[in-house]
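Numbering (the working numbering), first residue to last: 141 to 620. Reading through the structure tokens given below for one structure.
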RNA sequence: CGGGGUGUAGCGCAGUUGGUAGCGCGCUUGGUUUGGGACCAAGAUGCCGGGAGUUCAAGUCUUCUCACCCCGACCA
């Protein structure tokens, strides 16, 4: 393993081609994103990981507010009777809820569920505060954590408790609810591409895969570097199902009593797992510039030489107006710092030493492709700003072409299996609409339907599984 | 929840037929260094994952448990 001695931290990262799962675990630990907590399946999100989440929060929250959404905070407990009001919903979540049975030493008259999601709480509240068409729409969102007693857990990807935002809206008409459902799906998709440089496929879930209690579930699916799919955000249209179960009615303009139409949508810390698995490499994390807690790290070279630290600070001052910049003044060797910040995925490293100062230049090194640039100190702020955008664009492009190269088409099961096993990615194949075929494909290949993509260009006339006439194009893949 | 694996210092590991714990890195202090993971010197660090047994004696044997990793099933 050791090739030139001493490169401990980097060597400790397992190569992604050798063992992708271990590579992932190594990164989250070594880059100090998370630590394991005292309770099984729970994670401590460390400052560097949490800073990523904060940036995600700020950007998404900004977008939510731009579209008139308001933040609220609901309790974390749901009385059992409330959870049970919507039949499909409770059946979907019951196997994985945690229950509170005691308060202090006293047994509770009714046990409380620790929220796995808050539809029931919002509905219970909406039934009280919605009376008239003038009260609509209600566009609420909350940032919180939820608990799902998962059996197999992994940092970010599936933990017992995780952070997310959940939007819950109520509308006067089915059309408005549908419009909202798709608007938020678009918000997520744009956010992923513009902020995280993660290209996504937008589509609708099959009935088998949709959310418990929803009329329709929409999803954005991203491809990880091992070809597996990660559902990165979802948006549901509930129709009036929850409204009927909870009695959320309003008097419309025509003086008749009507049920509201609802939506809900969520995006979680799981997306951080996506960032890692889409962009990372064998040297560690590669953070998309817009979400990176530190966008530029300045490494002073020969800081003991007079003027070097002063210049480094001067540059920091200048750059802090256009980006998040940090200067590493620790007493480590420059080489050590290079490797360390690379592992932590900092998009740009700026080296400045006596030679540079003499030439009025600095060295910029891109994390994404390790390209080294010698640029003038003059106008450095503009250079860096443009470079950050360029890094974002090329990361997005790289992820997109990777996904395309791993997306294939199949017209029968033989092709399906061959493609899946050789390409290990997404498969575009037609489907008859029968859940039996979904189950058969899963049984045979471990692949599931990821979504019915909005782009429904037909690839054949018949179902890839049963050969009957096809109804829709489905993206299939193995998933996290 | 099934099948497999691993738990010894912050991290990676060694520890023989049972005899009371070691190595490398990291850490602390001082000094020399500094353009891709530096060096010297002196230090500090352990309920051997946890419980219960066997034994004069347990990191080592028995048993139960907990956590983590991998592969399935279930799920954001």
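All C-beta atoms, glycine included, are put in the ideal place defined by N, C-alpha and C. Just so we're clear, the structure is a prediction, and the values are computed from it rather than from any experiment.
Helix, strand or coil: how does DSSP classify residue i here?
i: residue 193; result: helix
i: residue 606; result: coil
i: residue 620; result: coil
i: residue 286; result: strand
i: residue 162; result: helix
i: residue 600; result: coil
i: residue 512; result: strand
i: residue 517; result: coil
i: residue 407; result: strand
i: residue 381; result: helix
i: residue 473; result: coil
i: residue 486; result: coil
i: residue 501; result: strand
i: residue 310; result: strand
i: residue 581; result: helix
i: residue 467; result: strand
i: residue 255; result: coil
i: residue 172; result: coil
i: residue 250; result: strand
i: residue 157; result: coil
i: residue 446; result: coil
i: residue 336; result: coil
i: residue 461; result: coil
With C-beta atoms as the reference, is residue i less than 7 Å away from residue j?
i: residue 557; j: residue 585; result: yes
i: residue 455; j: residue 436; result: no
i: residue 270; j: residue 390; result: yes
i: residue 282; j: residue 306; result: yes
i: residue 587; j: residue 616; result: yes
i: residue 333; j: residue 590; result: no
i: residue 302; j: residue 252; result: no
i: residue 401; j: residue 317; result: yes
i: residue 352; j: residue 377; result: no
i: residue 568; j: residue 599; result: yes
i: residue 167; j: residue 336; result: no
i: residue 501; j: residue 514; result: yes
i: residue 433; j: residue 452; result: no
i: residue 539; j: residue 339; result: yes
i: residue 272; j: residue 325; result: no
i: residue 619; j: residue 369; result: yes
i: residue 296; j: residue 410; result: yes
i: residue 177; j: residue 184; result: yes
i: residue 621; j: residue 267; result: Residue numbering for the chain in the displayed model covers 141 to 620; residue 621 lies beyond these limits and cannot be assessed.
i: residue 386; j: residue 205; result: no
i: residue 396; j: residue 321; result: no
Relative to the C-alpha of residue i, which residue among the options is closest?
i: residue 219; options: 528, 450 and 250; result: 250
i: residue 298; options: 476, 344 and 414; result: 414
i: residue 341; options: 351, 350, 512 and 359; result: 359
i: residue 366; options: 167, 564 and 300; result: 564
i: residue 576; options: 378, 293, 348 and 469; result: 348
i: residue 463; options: 547, 438, 473 and 443; result: 438
i: residue 562; options: 497, 550 and 528; result: 550
i: residue 486; options: 165, 158, 188 and 178; result: 188
i: residue 535; options: 418, 309 and 155; result: 418
i: residue 182; options: 398, 614, 286 and 473; result: 286
i: residue 412; options: 159, 153 and 174; result: 174
i: residue 290; options: 373, 179 and 364; result: 179
i: residue 198; options: 430, 320, 264 and 404; result: 430
i: residue 294; options: 404, 154, 231 and 162; result: 162
i: residue 254; options: 492, 466, 266 and 235; result: 235
DSSP has residue i in a bridge; who is on the other side?
i: residue 570; result: 613
i: residue 593; result: 343
i: residue 272; result: 391
i: residue 303; result: 285
i: residue 280; result: 210 and 308
i: residue 588; result: 617
i: residue 491; result: 439 and 503
i: residue 298; result: 294
Closer than 6 Å to a non-hydrogen atom of the ligand NAD - does that hold for the CB of residue i?
i: residue 492; result: Within the structure as shown, the ligand NAD is missing, as the structure has no ligands at all.
What are the start and end residues of each continuous alpha helix (DSSP H) run of 4 or more residues lying completely inside the stretch 175–248, in chain order? 187–206, 220–223 and 227–233
Along the chain, which unbroken stretches of the beta strand (DSSP E) at least 3 residues long are found entirely within the stretch 393–441? 397–399, 401–408 and 436–440
At 4 residues or longer, what runs of the alpha helix (DSSP H) sit wholly inside the stretch 339–387? 381–386
Restricting to runs no shorter than 3 residues, where is the beta strand (DSSP E) found entirely within the stretch 523–566? 547–549
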